[in-house]
Amino acid sequence: MMKKTILIFSLIIFLGVAFSVEADSVSERRNFYIDPSYDLNTRDELEAVLIKVTPQLYFYVDQSWWSFAPQNKVYEYLTELENEFENNIYSKLISVFGSERNPGIDKEERITILIHPMANSAGGYFRSNDEYLKVQVPDSNQREMLYLNSDHITSHLAKSFLAHEFVHLITFNQKENNYGLIEETWLNEARAEYAITFLGYDDSTDSNLERRMKAFAEDSSDSIINWSGSSKDYASLNLFTQYLVDHYGIEILSDSLKSGKVGINSLNYALEINGFEEQLSDIFFDWTIAILINDCNYGNRYCYLNPLLKNFHVSSKINFLPLSGESSLSYTDFARKWEGNWYKIIGGNDDLKVAFSCRSGVNFKLPYITQNSVGSYKVSFLDLSKDCKGDFIVNGFGQDIKALYLIPSAADSQGTDEAFYPFSWTVSIIKNQDDTDLIQKLLAQIAYLRAEIVKVQTRIANILASRQGRIPPVPVSGSCSQITVNLSFGMTSQQVNCLQQFLKLQGSDIYPEGLVTSYFGSLTRSAVIRFQEKYSSEILFPLGLTSGTGYVGLLTRGKINELMK
Numbered sequence: 006m007m008k009k010t011i012l013i014f015s016l017i018i019f020l021g022v023a024f025s026v027e028a029d030s031v032s033e034r035r036n037f038y039i040d041p042s043y044d045l046n047t048r049d050e051l052e053a054v055l056i057k058v059t060p061q062l063y064f065y066v067d068q069s070w071w072s073f074a075p076q077n078k079v080y081e082y083l084t085e086l087e088n089e090f091e092n093n094i095y096s097k098l099i100s101v102f103g104s105e106r107n108p109g110i111d112k113e114e115r116i117t118i119l120i121h122p123m124a125n126s127a128g129g130y131f132r133s134n135d136e137y138l139k140v141q142v143p144d145s146n147q148r149e150m151l152y153l154n155s156d157h158i159t160s161h162l163a164k165s166f167l168a169h170e171f172v173h174l175i176t177f178n179q180k181e182n183n184y185g186l187i188e189e190t191w192l193n194e195a196r197a198e199y200a201i202t203f204l205g206y207d208d209s210t211d212s213n214l215e216r217r218m219k220a221f222a223e224d225s226s227d228s229i230i231n232w233s234g235s236s237k238d239y240a241s242l243n244l245f246t247q248y249l250v251d252h253y254g255i256e257i258l259s260d261s262l263k264s265g266k267v268g269i270n271s272l273n274y275a276l277e278i279n280g281f282e283e284q285l286s287d288i289f290f291d292w293t294i295a296i297l298i299n300d301c302n303y304g305n306r307y308c309y310l311n312p313l314l315k316n317f318h319v320s321s322k323i324n325f326l327p328l329s330g331e332s333s334l335s336y337t338d339f340a341r342k343w344e345g346n347w348y349k350i351i352g353g354n355d356d357l358k359v360a361f362s363c364r365s366g367v368n369f370k371l372p373y374i375t376q377n378s379v380g381s382y383k384v385s386f387l388d389l390s391k392d393c394k395g396d397f398i399v400n401g402f403g404q405d406i407k408a409l410y411l412i413p414s415a416a417d418s419q420g421t422d423e424a425f426y427p428f429s430w431t432v433s434i435i436k437n438q439d440d441t442d443l444i445q446k447l448l449a450q451i452a453y454l455r456a457e458i459v460k461v462q463t464r465i466a467n468i469l470a471s472r473q474g475r476i477p478p479v480p481v482s483g484s485c486s487q488i489t490v491n492l493s494f495g496m497t498s499q500q501v502n503c504l505q506q507f508l509k510l511q512g513s514d515i516y517p518e519g520l521v522t523s524y525f526g527s528l529t530r531s532a533v534i535r536f537q538e539k540y541s542s543e544i545l546f547p548l549g550l551t552s553g554t555g556y557v558g559l560l561t562r563g564k565i566n567e568l569m570k
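Following this note's numbering, the numbering of the sequence shown begins with 6 at its first residue and continues without gaps.
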């Protein structure tokens with residue numbers, strides 16, 4: 006066993022010494038391993054030609070692409086890229102994050118850049134395989150190496166992509182080479198994304214930051230630590246990292262990189278040694294508020310300091326309450342940890358009661374923000390210390406208070422977690438008792454009149470059908486084969502009609518009144534509650550609820566549609 010170990014060790018030393026004794030020369034051709042998940046043609050190997058050598062870089066290009074490329078134009082842009090790297094990117098990034106391995110595993114001080122066509126508009130990539138000897142990793146190119154997309158090599162974004170990938174090369178040396186640790190992907194990407202801002206490349210039109218802002222505006226529902234490499238992953242992570250560095254300094258990124266820790270723990274360590282009391286989760290919760298308000302008049306915690314982001318605000322999911330009468334709206338959703346959720350409630354015309362519940366044992370926070378008639382905000386927090394439940398009252402909602410924002414989210418120090426955690430909230434307009442009694446009487450009258458109208462319409466249809474010698478159609482049509490949308494109090498639709506027909510068929514224990522009016526009133530809501538509680542193990546318990554809500558959501562619809570079959 007010892008002999009075998011010595012033999013392998015000797016072989017590694019021999020190959021390490023023998024490899025790359027001579028510098029590469031222009032026009033030299035080599036075969037390189039590449040990542041098939043990035044390559045436009047899913048290749049895992051290609052032939053490349055060396056077209057440019059600088060004091061710090063080798064520029065290789067895919068031979069098959071180069072034969073048809075605008076070579077003079079590409080060469081001109083590579084000269085600009087070379088100057089930018091050697092005069093700006095390299096010196097500034099190593100001063101903050103530390104150096105890449107230099108000389109590299111190939112005993113060469115130059116970094117190899119391979120340019121080839123890539124799929125999905127990727128900017129580039131880095132392969133850690135190249136940092137090992139071939140006897141350790143057979144598909145290693147055995148050199149310090151970065152890969153750039155040929156589609157962007159003549160774009161102003163090329164320098165941003167090069168800086169991004171260079172940070173990954175630095176990270177390998179600072180973490181894997183120095184500590185034998187593999188950095189968590191999301192944090193590796195966070196540093197690489199912020200490097201572009203640090204270098205001043207986000208000041209131009211159609212910058213990397215501008216692209217991330219557009220992607221976030223399209224879809225903000227993403228966890229910053231659960232990584233799949235999608236554009237929304239980069240968007241939410243970039244905007245959070247901008248806030249982190251704005252308020253706590255780039256040292257948080259550099260000190261965490263140079264530490265013997267990874268992920269959240271490394272950032273918490275960096276915060277501590279830089280004199281901050283906050284944990285990363287505290288900063289995350291502040292960010293979910295800041296990206297909504299983004300106004301330093303409410304304190305620096307609630308705004309971006311980067312002028313490029315001073316006018317950026319996250320869009321909220323809007324929920325509307327009727328402008329008069331009693332109304333209630335219930336909403337159930339699922340969240341992953343470190344994922345922002347933003348809800349806006351408008352409408353109503355009286356005091357508003359808000360009840361929130363979530364899964365106990367998970368570090369949920371519920372900041373809520375009221376906005377008055379002149380647009381001013383007030384930030385508050387709901388106490389969820391008792392079984393992850395709580396409620397509060399907003400006085401004068403729809404009058405002095407024009408909007409309410411709910412920002413439920415969960416975060417802790419446990420790192421990547423793909424689980425989805427349920428939460429629910431209910432908002433209800435509170436009327437005084439006299440108004441409530443009157444409204445109930447009026448609603449009952451409306452329901453009665455609707456039922457009478459349906460009877461008359463049915464009689465008319467029967468008369469017309471008999472005159473034409475046809476059998477009148479059965480009221481339950483194919484459109485009632487399933488409930489396809491969420492339903493709630495105050496709605497009027499054919500789907501509500503279908504719901505009422507279904508509830509009526511469940512018997513007097515569920516829907517004793519049996520009215521089919523197409524209007525979702527208090528009687529229908531009570532019937533839905535009875536139905537939910539009858540099948541509570543399938544509808545309520547998975548959401549952490551013990552009593553029905555009267556809101557026909559995903560799980561309620563699923564059970565109804567199952568019974569309709």
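Note that the Cβ used here is the ideal one computed from N, Cα and C, for glycine as well.
Judged by their CB atoms, L174 and E149 are nearer to each other than the 8 Å cut-off.
Looking at the DSSP output, Q376 shares a beta bridge with Y382 and A408.
In the same chain as K509, and ignoring 5 residues on each side of it, the C-beta atoms closer than 6 Å to its own belong to Y516 and G519, in chain order. Its chain contains Q247 as the residues whose beta carbon lies nearer than 7 Å to that of L314, once the 5 sequence neighbours on both sides are disregarded; these appear in chain order.
Sixteen is the threshold: since fewer than 16 other Cβ atoms of the shown chains lie within 10 Å of the Cβ of S552, the residue is exposed. Taking C-beta atoms as the reference points, A163 and L86 count as a pair closer than 8 Å. When the alpha-carbon of N324 is set against those of N302, N273, S225 and S433, the nearest one is in S433. Considering only L389, A275, V384 and Y152, the residue with the shortest C-alpha distance to W292 is V384.
Taking a cut-off of 8 Å for Cβ pairs, the stretch 385-395 and the stretch 344-358 do not touch, as fewer than three such pairs fall below it. For W430, the enclosing beta strand (DSSP E) begins and ends at Y426 to I435.
When DSSP reads this structure, R35 sits in a beta bridge with A53. The three-state reading of DSSP puts Y184 in helix, counting H, G and I together. When DSSP states are grouped into helix, strand and coil, H173 belongs to the helix group. Taking the C-beta atoms as reference points, E189 is found no nearer than 8 Å to G265.
Counting other Cβ atoms within 10 Å of its Cβ, I294 reaches 16 or more and is therefore classed as buried. No residue range can be given for F281, since it is assigned to no beta strand (DSSP E) and is classified by DSSP as neither H nor E.
For the options L98, R562, L409 and N302, the alpha carbon positioned closest to that of F397 is the one of L409. In the DSSP assignment, F221 falls outside any beta strand (DSSP E) and lies within the alpha helix (DSSP H) extending over N213 to E223. Within its own chain, the residues whose Cβ lies closer than 8 Å to the Cβ of D356, once the five positions on either side in sequence are excluded, are I398, V399, N400, G401, F402, I434 and I435, listed in chain order. Around the beta-carbon of Q537, 16 or more other beta-carbon atoms lie within 10 Å, marking it buried.
Distance from the Cα of N273 is smallest, within the candidate group Y309, L411 and L192, for L192. Remark: C-beta atoms of F171 and L153 do not approach each other more closely than 8 Å. A straight-line Cα-Cα distance of about 12 Å links R48 and S69. A buried status is given to F494, since no fewer than 16 other beta-carbon atoms sit within 10 Å of its beta-carbon. When beta bridges are read from the DSSP output, M123 appears opposite D44. Each of G128, Q141 and F507 was checked against the Cα of L151, and the nearest Cα belongs to G128. Of the candidates I39, V54, S133 and E50, V54 places its Cα closest to the Cα of E33. Taking the CA atoms as reference points, K322 sits about 11 Å from Y336.
Remark: three or more beta-carbon pairs, one from each stretch, lie closer than 8 Å, so the stretch 542-558 and the stretch 356-367 are flagged as touching. In the three-state reduction of the DSSP assignment, I488 falls in the coil class, being assigned neither a helical nor a strand state. For S259, the enclosing alpha helix (DSSP H) begins and ends at E256 to L262.
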